[in-house]
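Number of protein chains: 2
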Amino acid sequence: MRQKVGRPTIKEVASAAGVSTQTVSRVINERPDVSQGTRKRVQDIINQVGYRPSALARSLISRRSYTLGVVTAGLDYVGPSKTLSGIASAAENAGYSVLLKELSSFDTRDIAPIIQAYVSHHVDGIIWAVPEVGENRKWVNNPLMDIEIPLVYLTMEPQKDLSIVTIDNYLGSRMAVAHLVEQGYRNIGHISGPLDWWEARQRKLGWQDVLAEVGLEAGERHWVKGNWSSESGALGFEKLLEQYPELDSIFVGNDQMALGVIQIAQQKRLRIPEDIALVGFDDIPESAYFCPPLTTIHQDQYSLAKMAVEEIIKTIESIWDESEVEEPANNLTLPPTLVVRQSSRRCEKK
Amino acid sequence: MRQKVGRPTIKEVASAAGVSTQTVSRVINERPDVSQGTRKRVQDIINQVGYRPSALARSLISRRSYTLGVVTAGLDYVGPSKTLSGIASAAENAGYSVLLKELSSFDTRDIAPIIQAYVSHHVDGIIWAVPEVGENRKWVNNPLMDIEIPLVYLTMEPQKDLSIVTIDNYLGSRMAVAHLVEQGYRNIGHISGPLDWWEARQRKLGWQDVLAEVGLEAGERHWVKGNWSSESGALGFEKLLEQYPELDSIFVGNDQMALGVIQIAQQKRLRIPEDIALVGFDDIPESAYFCPPLTTIHQDQYSLAKMAVEEIIKTIESIWDESEVEEPANNLTLPPTLVVRQSSRRCEKK
DNA sequence: CTGAAAGCGCTAACAC
DNA sequence: GTGTTAGCGCTTTCAG
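Chains A and B, in that order, give the protein sequences. When you line the first sequence up against our numbering, it's residues 1 to 350, in that order. When you line the second sequence up against our numbering, it's residues 351 to 700, in that order.
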């Protein structure tokens, strides 16, 4: 017959120390109103039996779980996993646990079960760290979403009355294209990401706008659509070369696709940057070691994540501080930076 | 004065439906002993008020949380994040939540706080998805670890009485080197990962053993140490060229370092594979688009993760099935596969 | 089939 | 300083 041991409870500690459970509670919560002697005695027992207060029971009564629900998607991409990493460490530092949920697809529309699960777990806040794709944000202003739980979104179009933290993709794209213009390139093509992604649209728009502003062409034959993969970059480049033979440089929607471009360029004996200059987006670790090293736009997903966590915790705290002033929803936009490497340096065509 | 709204409780549902809380409980747990009429009436109220049973209260009483603690590290690496992705989806499918904790460094030795936090949260099991580095497994057989919680480890040296799920790095390495031998290469160097990593040691060992078995040299001057980064691969390659000039091929400990090798090779006008053949390890998505495409060893981290989750859930269930037979600790080892691309195809040196 | 009572592990609000 | 009483939201006896 197996003896039921289980973990020590506050009651056991109390009786072992000869005090009431209330006193033990005071000790573990570091309340001042316990005498030194009692405190030490209780603390000793606690260490001795390895007592850990039940977070469950505590959350149940205190109505706070110190837990954040975090929704991600595409953890096999560099961006999302880096973001998650930032969220996890920021939450940890703030004393919050992370209840993770990964969406099986980017454009999951039925988010009710997820929210409900989080409600059921009494999370104090939710971070929606999924990029905006297709209709996957349709629900944000739904009546269904009249949740009492603070919610912060990552990487979506800024919107009134919502807490959103995002990288400025449009600005990044402008920086990339402006750099090519400065370097003297005049026939600047674009390989975009899938246009149901908000980020892909922003990046394409930046390209169009900068070219328009300096009086260069950005028409239909000057760009092609990819799907973020290296393969689509390779295919896209071949197509672009056909429809835009004067092409002297490309702003590519992400680094993976740029890698595909590099491969085709090698096959066709096109030199980078002498024949075709290249700028990517994302600054994945490998991009510094492409042949040639890739000029790209660096996004600091880590800071982004930290800001999101700080934002949501601020909101949570404000609810509990009884400060009648509800924390207003904030839109925070982080600027990316340009990293210049060899793939875009101006070289005279021999 | 702020009205306390809060979420609906079982009590409210009960009184709204004119039944006792027990009956509501029976309905949400889909117990058979409720009449059709009552069931429907209760269910309607539930949907109407949007009632969700509290997972906290349930776990507290049922002593099961249907939650898995998952420990990772280095989510900015491809491997760990892919593994986490697999764990998240497998857990989801099995109806378990994931409480995530990311270690700030690989060789965290003081794991007590982590375990204690998980105990406090009543997790049903823990998946330790951190690679074995340095002394970071010292605690596994500690008395401190006399936790009642099932624990499954990923990616560490198989060990009796522990549940371990891992890729066979040694085998993968053997496959890589054997492939080079088959292709006719005879001066096969190695760039290893940091040797405090178990995986790096395994990969190096496979290289040594295969070479020894076929009567080729694998001495001190035939390998150098890297740290997984592309930069270290580049540096390592330069050093290796000096100390091992006859070098005709390299088995590199991971794909990132192989990328560094490729960069240096281009600078030195060494052709791959004509002058130097290359095999990597990991099969990161980019490796198919390196110049040239990289032959490498593919590890299926996703299946690995799935197996770990299945393993731990089996153990958890076995505890609750009162089946006096404790589930024995299992060591599962998954074979990787060789992916042949251009970087290792035998070409006659012109 | 349904309800009443007890209690999971803990803390808030009061007594003493 | 410390103990008592009540109860967080739910489920498990055990009556009816």
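Idealized CB from N, CA, C, for every residue including glycine. Bear in mind the structure is a predicted one, so any value in this text is a computation, not a measurement.
For residue i and residue j, which I take to be in contact (beta-carbon distance under 8 Å), what is that distance rounded to the nearest angstrom?
{"i": "I297 (chain A)", "j": "D283 (chain A)", "result": "7 Å"}
{"i": "V140 (chain A)", "j": "L332 (chain A)", "result": "Contact doesn't hold; Cβ gap of about 17 Å is too wide."}
{"i": "G630 (chain B)", "j": "D605 (chain B)", "result": "4 Å"}
{"i": "L180 (chain A)", "j": "I188 (chain A)", "result": "5 Å"}
{"i": "S542 (chain B)", "j": "G603 (chain B)", "result": "5 Å"}
{"i": "S303 (chain A)", "j": "L334 (chain A)", "result": "6 Å"}
{"i": "A608 (chain B)", "j": "L628 (chain B)", "result": "6 Å"}
{"i": "G475 (chain B)", "j": "I662 (chain B)", "result": "4 Å"}
{"i": "I316 (chain A)", "j": "P150 (chain A)", "result": "6 Å"}
{"i": "L597 (chain B)", "j": "I626 (chain B)", "result": "7 Å"}
{"i": "R52 (chain A)", "j": "V469 (chain B)", "result": "5 Å"}
{"i": "L68 (chain A)", "j": "E102 (chain A)", "result": "Incorrect: roughly 15 Å between the Cβ atoms, too far for contact."}
Taking Cβ-Cβ distances shorter than 9 Å, what residues in chain B pair up with residue i?
{"i": "A88 (chain A)", "result": "T422, L425, L450, K451, E452"}
{"i": "L60 (chain A)", "result": "S404, L406, A407, L410"}
Strictly below 7 Å CB to CB, what residues from chain A border residue i?
{"i": "A405 (chain B)", "result": "S120, H121"}
{"i": "Q466 (chain B)", "result": "R52"}
Return no unless some Cβ of chain B is closer than 8 Å to the Cβ of residue i.
{"i": "C291 (chain A)", "result": "yes"}
{"i": "E286 (chain A)", "result": "yes"}
{"i": "K350 (chain A)", "result": "Unreliable positioning characterises K350 (chain A) in this predicted model, as indicated by a pLDDT of 46, which lies under 50. The coordinate reading is nonetheless provided below. Not one chain B Cβ lies under 8 Å of K350 (chain A)."}
{"i": "S192 (chain A)", "result": "no"}
{"i": "S97 (chain A)", "result": "yes"}
{"i": "K4 (chain A)", "result": "Residue placement at K4 (chain A) is flagged as unreliable, the pLDDT there being 42, under the threshold of 50; the coordinate-derived value follows with that caveat. Not one chain B Cβ lies under 8 Å of K4 (chain A)."}
{"i": "Q342 (chain A)", "result": "no"}
Going by C-alpha distance, which of the options is nearest residue i?
{"i": "A467 (chain B)", "options": "A:L241, A:T155, A:S104, A:E92", "result": "A:E92"}
{"i": "V133 (chain A)", "options": "A:D76, A:H122, A:E157, A:V152", "result": "A:E157"}
{"i": "A568 (chain B)", "options": "B:V448, B:R389, B:L555", "result": "B:L555"}
{"i": "Q533 (chain B)", "options": "B:Q386, B:E362, B:Q692, B:S455", "result": "B:Q692"}
{"i": "L595 (chain B)", "options": "B:W578, B:W573, B:Q613, B:S579", "result": "Note on identity: in this sequence residue 595 (chain B) is Pro, with Leu being the wrong assignment. Closest option to P595 (chain B), Cα to Cα, is B:W573."}
{"i": "D518 (chain B)", "options": "B:P358, B:T505, B:S668, B:V527", "result": "B:T505"}
{"i": "G215 (chain A)", "options": "A:T38, A:S15, A:R186", "result": "A:R186"}
{"i": "G260 (chain A)", "options": "A:K160, A:E102, A:N227, A:M307", "result": "A:N227"}
{"i": "W670 (chain B)", "options": "B:R389, B:R414, B:V369", "result": "B:R414"}
{"i": "M175 (chain A)", "options": "A:G74, A:L338, A:I10, A:I45", "result": "A:L338"}
{"i": "S249 (chain A)", "options": "A:Q22, A:S229, A:L211, A:E310", "result": "A:L211"}
{"i": "A200 (chain A)", "options": "A:S62, A:S173, A:E274", "result": "A:S173"}
Is the CB of residue i under 8 Å away from at least one CB in chain A?
{"i": "R357 (chain B)", "result": "yes"}
{"i": "L644 (chain B)", "result": "no"}
{"i": "L434 (chain B)", "result": "yes"}
{"i": "S431 (chain B)", "result": "yes"}
{"i": "S668 (chain B)", "result": "no"}
{"i": "S455 (chain B)", "result": "no"}
{"i": "P686 (chain B)", "result": "no"}
{"i": "V689 (chain B)", "result": "no"}
Going along chain A, which residues have a C-beta under 8 Å from residue i?
{"i": "S580 (chain B)", "result": "P285, E286, A288, Y289"}
Would you say the beta carbon of residue i is closer than 7 Å to some non-hydrogen atom of the ligand ADP?
{"i": "P8 (chain A)", "result": "Ligands are entirely absent from the displayed structure, and the ligand ADP is therefore not among its contents."}
Chain A contacts made by the stretch 598 to 623 of chain B, where a contact means CB separation under 7 Å:
Q606, L609, G610, I612, Q613, Q616
Determine which residues of the stretch 361 to 386 of chain B have a Cβ less than 9 Å from any Cβ of chain A, and write them out in chain order. none
Chain B contacts from the stretch 206 to 217 of chain A (Cβ-Cβ distance under 7 Å): none
Can you pull out the residues from the stretch 390 to 402 of chain B whose beta carbon lies closer than 9 Å to at least one beta carbon of chain A? G400, R402
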